[in-house]
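First up is the structure itself, then whatever we jot down about it.
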Amino acid sequence: MMCFSELGEDYCPPSQYLLPVLESDCGKQNSDCVDGIEEAWQSKFTDYEKRKVEKQQEKLAFERHLEEKQKEHAQLLCMNNSRKERILNSVREERDRVEQGVSQQQRAQEAERLLVLDKVRQAEDGISSRISDMLMENKRKKKSAEFLQAMEEDRIRMEHLTAITQEEANSLRKKEVAAAMQKMLSDSCAVSMLQEASEFRRQSLVSEACRSLEHLDKHFDKMMSLQVLDKSKAIAHILEEEEMQKVAFQALQLQKDSVHGYIRNQIRLIEGELMQLTKLEIKRRNLDSENLQEVLVDQRTALSDMLQQLLKQREQREQELRQVLAEMERKSESNQQNYWMIQYQRLLDAKPLSLRMQEAGVEKELVNLLCKLSAQHYLPILAHHRVTTAALCHMSSSDLKKLGINEVGIQKALLKWAHDRHPEVCKGKQQDEETETIPTAPSPPSPHPTTSAIQMPSPPLTPGTPITPSAPSPLEGPGSSECVVCMETGAQVIFLPCGHVCCCQVCSDALQNCPLCRSNISQRIRLYHG
């Protein structure tokens, strides 16, 4: 075709020239063939149309089936999604509920932990204040001459005791004094027997010595015989035995001695504080809290030192009283009858210092205040100068110092007590003092006041005043004062020099080191009170 187009001629296919010839030649013959072919093609087209219709019907049926399957699949998918959503919602709700419960439990545990820590902190603050008061009181007692003054008064009193007047000999109440002596001896014997029995029982557990057990049985038999002994016979025996009268007087003298009683009360207070400190240390270890551990150790060390010092002072005072007794026995007349009974009656009838000061004119409330402050040695000064509450309202610290009351804590306590009782009288005095001190510039207040500067120290009680138990500790609970070794018996022994109260009597015998701090044990002190 490209060649014809290049030559400029039109191309005509051969079919245009041959077809008419073929048609003209074979037209009649092919007409039948064409009809047959057309019928064949027509039948084929018919079959094709039928198959096409069948295919379309199959297609429609398949599409309907597919649509039904898709609907079922969609329905199953929807049901699955809804079930999955329900499961997720239930899981989410359960998770929220569990998280809420866990958070509530955590908040409750945190609140409980904070509450316990707050109670521990309050107990530590209370113990710290009491220990600081004890340390200040001990320092104040060291500076004052109370013990020397008491010893001098005892010497003068013993000189008067050695001289017995005829009037006292005539007024001797023999039966009454003998009954008092019998009661004193029974009490002293019972206490000594219980202590000795406890000591022998401890030795028997360690050594299992039959000899000690026999000795213990003898002592118990002796104690039982004293209890079974008729009271009248005991009194008659005391009336005859001068040595028993002397022993009874010695026991009463030890009981009435103010210095020895003060030392006993101080030892009792320190033992209680050491027990509370040990409970605090154990509680802090259980709470895994290491705060203020060094402060507790310092306080416990200071209390242990004070306890050892007081034990030495008690032994020294008992030795002094024994020397006084020996001096009285040496100066007593050999032919003097009922010497120790008269001395016992004189000591029994002796009025306490507070009562003598009340009879001298000192107000009862003022006497009680000085007794609470452990400052009875200032009572004669107040009685001599006839100081009353109204007079205290018009006095200052310098005025009290001029009278002889040199301790600042006692001065402040007296002035505060008078101000609380008569505030309207002391108000004018305070305004006058403020007017006088206007030219002087006040010192700036400390931004962090200490506890010792805020709280007024409360000295320990004296022998003349009853011991008031402190508030119950917030740490009281099961196991708080148990023996840390056997966990069955309460703590009964103080270890020195560490000061821990953590073991019972039986477990402490086998220990060489303290189970809490691992320090060496040099001395054990048995606690016979709660």
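Under the UniProt record's numbering, the final residue of the sequence shown carries the number 530; numbering is consecutive throughout. The beta-carbon is built from N, C-alpha and C at its ideal position, and this holds for glycine as well.
Using a Cβ-Cβ cut-off of 6 angstroms (strictly less than) and excluding sequence neighbours within five positions of I282, which residues of its own chain qualify? As a first step, residue 282 is located in the sequence shown; it is residue number 282 there, counting from the start. Correct list: empty, nothing qualifies.
Short of 6 angstroms in beta carbon distance, which residues of its chain neighbour C504, apart from the five on each side in sequence? Order them along the chain. Locating residue 504 in the sequence shown gives position 504, where the first residue counts as 1. Result list for C504: C483, T489, Q492, in chain order.
Counting Cβ pairs closer than 8 angstroms, one from the segment 100 to 112 and one from the segment 257 to 270, do we hit at least three? no
Please look up how many angstroms separate the CB atoms of I127 and Q255, rounded, as I've assumed it's under 8 angstroms. As a working mapping, residue 127 is identified with position 127 in the sequence shown. As a working mapping, residue 255 is identified with position 255 in the sequence shown. With 8 angstroms as the limit, I127 and Q255 do not qualify as a contact, their Cβ atoms being about 30 angstroms apart.
Please report the Cβ distance between S392 and A418, rounded to the nearest whole angstrom; I am assuming they are in contact, meaning their Cβ atoms lie under 8 angstroms. Along the sequence shown, read from residue 1 onward, the residue named residue 392 stands at position 392. Along the sequence shown, read from residue 1 onward, the residue named residue 418 stands at position 418. Sequence inspection shows Leu at residue 392; the Ser mentioned does not correspond to that position. Correct: roughly 4 angstroms between the Cβ atoms.
Sequence-distant residues of its chain with Cβ nearer than 7 angstroms to G404 (five each side left out): The residue labelled residue 404 in the question sits at position 404 within the sequence shown. So the list reads I381, once near-sequence residues are dropped.
Compute the Euclidean distance between the alpha carbons of L77 and Y48, then round it to the nearest angstrom. Working through the sequence shown from its first residue, we reach residue 77 at position 77. Working through the sequence shown from its first residue, we reach residue 48 at position 48. Between L77 and Y48, the C-alpha separation is close to 41 angstroms.
Can you tell me whether N338 is helix, strand or coil according to DSSP? Here residue 338 refers to the residue found at position 338 when the sequence shown is read from its first residue. Reduced to three states, the DSSP call for N338 is coil.
For V362, three-class secondary structure by DSSP: In the sequence shown, the residue the question calls residue 362 occupies position 362. Coil.
Per DSSP, the bridge partner or partners of E482: In the sequence shown, residue 482 corresponds to position 482, counting from 1. G490.
Could you check what DSSP says for C371 in three-state terms: helix, strand or coil? Position 371 of the sequence shown, counted from the start, is the residue given in the question as residue 371. Reduced to three states, the DSSP call for C371 is helix.
If you measure from the CB of L280, is any heavy atom of the ligand ZN nearer than 8 angstroms? The ligand ZN is not part of this structure, which contains no ligands at all.
Looking at L287 and A123, is the spacing between their C-beta atoms short of 9 angstroms? Working through the sequence shown from its first residue, we reach residue 123 at position 123. Working through the sequence shown from its first residue, we reach residue 287 at position 287. Not in contact: A123 and L287 (Cβ atoms no closer than 9 angstroms).
Kindly identify the DSSP beta-bridge partner or partners of R503. As a working note, residue 503 is residue 503 in the sequence shown. Just to set this straight, residue 503 is Cys in the shown sequence, not Arg. C503 is bridged to V493.
Please state if the CB of M341 and the CB of Q245 are separated by a distance shorter than 9 angstroms. Sequence index remark: in the sequence shown, residue 245 carries index 245 (1-based). Sequence index remark: in the sequence shown, residue 341 carries index 341 (1-based). Yes, these two residues count as a Cβ contact at 9 angstroms.
Just to check my reading of the structure: H500 and C514 have Cβ atoms closer than 8 angstroms, yes? What is that Cβ distance to the nearest angstrom? One-based indexing of the sequence shown puts residue 500 at position 500. One-based indexing of the sequence shown puts residue 514 at position 514. Confirmed, about 5 angstroms.
Are the CB atoms of R524 and F495 nearer to each other than 9 angstroms? Along the sequence shown, one-based indexing puts residue 524 at 524. Along the sequence shown, one-based indexing puts residue 495 at 495. The answer is yes: Cβ separation under 9 angstroms.
Mind checking whether H260 and R330 have CB atoms under 9 angstroms apart? In the sequence shown, counting from the first residue as 1, residue 260 sits at position 260. In the sequence shown, counting from the first residue as 1, residue 330 sits at position 330. Against a cut-off of 9 angstroms, the Cβ pair of R330 and H260 comes out as no contact.
Go ahead and pull the three-state DSSP assignment for I525. The sequence position of residue 525 within the sequence shown is 525, counting from 1. Residue state, collapsed to three classes: strand.
Going by DSSP, what residues sit across from N513 in a beta bridge? Numbered from 1 along the sequence shown, position 513 holds the residue referred to as residue 513. The partner list for N513 (beta bridge, DSSP) reads N520.
State the CB to CB distance for the pair A326 and L135, rounded to an integer number of angstroms; the pair is presumed to be in contact (CB under 8 angstroms). For the purposes of this step, residue 326 is taken as the residue at position 326 of the sequence shown. For the purposes of this step, residue 135 is taken as the residue at position 135 of the sequence shown. At roughly 36 angstroms, the Cβ-Cβ gap does not stay under 8 angstroms, so A326 and L135 are not in contact.
Minimum Cβ-Cβ distance from L310 to chain D less than 9 angstroms: Of the chains in the structure shown, none is chain D; there is only one protein chain.
Do R300 and C498 come within 9 angstroms of each other at the CB atom, strictly closer than that value? Counting from one through the sequence shown, the residue named residue 498 turns up at place 498. Counting from one through the sequence shown, the residue named residue 300 turns up at place 300. It is a contact, given that the beta carbons lie within the stated cut-off.
What residue does the alpha helix (DSSP H) around S398 start on, and which one ends it? Against the sequence shown, residue 398 aligns to sequence position 398. First-last of the alpha helix (DSSP H) with S398: 397 to 403.
Check whether the Cβ atoms of L369 and L414 sit closer than 9 angstroms, and answer yes or no. Taking the first residue of the sequence shown as 1, we reach residue 369 at position 369. Taking the first residue of the sequence shown as 1, we reach residue 414 at position 414. Yes, the Cβ-Cβ distance between L369 and L414 is below 9 angstroms.
Can you say whether I87 is buried or exposed, counting buried as having 16 or more other CB atoms within 10 angstroms of its CB? Sequence index remark: in the sequence shown, residue 87 carries index 87 (1-based). Its Cβ having fewer than 16 others within 10 Å, I87 is exposed.
If I follow the unbroken alpha helix (DSSP H) through Q376, where does it start and stop? Against the sequence shown, residue 376 aligns to sequence position 376. Run containing Q376: none; DSSP gives neither H nor E here.
Under a three-way DSSP split, which group does N138 fall into? As a position in the sequence shown, residue 138 is number 138, starting the count at 1. N138: helix per DSSP, three-state reduction.
Which residue from N406, A390, E407 puts its Cα closest to that of D420? As a position in the sequence shown, residue 420 is number 420, starting the count at 1. Taking only the C-alpha atoms, the option nearest D420 is A390.
Count the other CB atoms, across all protein chains shown, that sit within 10 Å of the CB of V367; report buried if there are 16 or more and exposed otherwise. For the purposes of this step, residue 367 is identified with residue 367 of the sequence shown, where counting begins at 1. So V367 counts as buried.
Can you name the start and end residues of the alpha helix (DSSP H) that L280 belongs to? Your numbering for residue 280 matches position 280 in the sequence shown. L280 -> alpha helix (DSSP H) spans 258 to 286.
Counted within 10 angstroms of its Cβ, other Cβ atoms place Q56 as buried (16 or more) or exposed: Here residue 56 corresponds to residue number 56 of the sequence shown, with the count starting at 1. Classification of Q56: exposed, given that the 10 Å Cβ count is below 16.
Note down the Cα distance separating Q309 from V408, rounded to an integer number of angstroms. Counting from one through the sequence shown, the residue named residue 309 turns up at place 309. Counting from one through the sequence shown, the residue named residue 408 turns up at place 408. When rounded, the distance between both Cα atoms is 25 angstroms.
Boundaries (first-last residue) of the alpha helix (DSSP H) holding R421: Here residue 421 refers to the residue found at position 421 of the sequence shown. From DSSP, the alpha helix (DSSP H) with R421 extends over 408 to 421.
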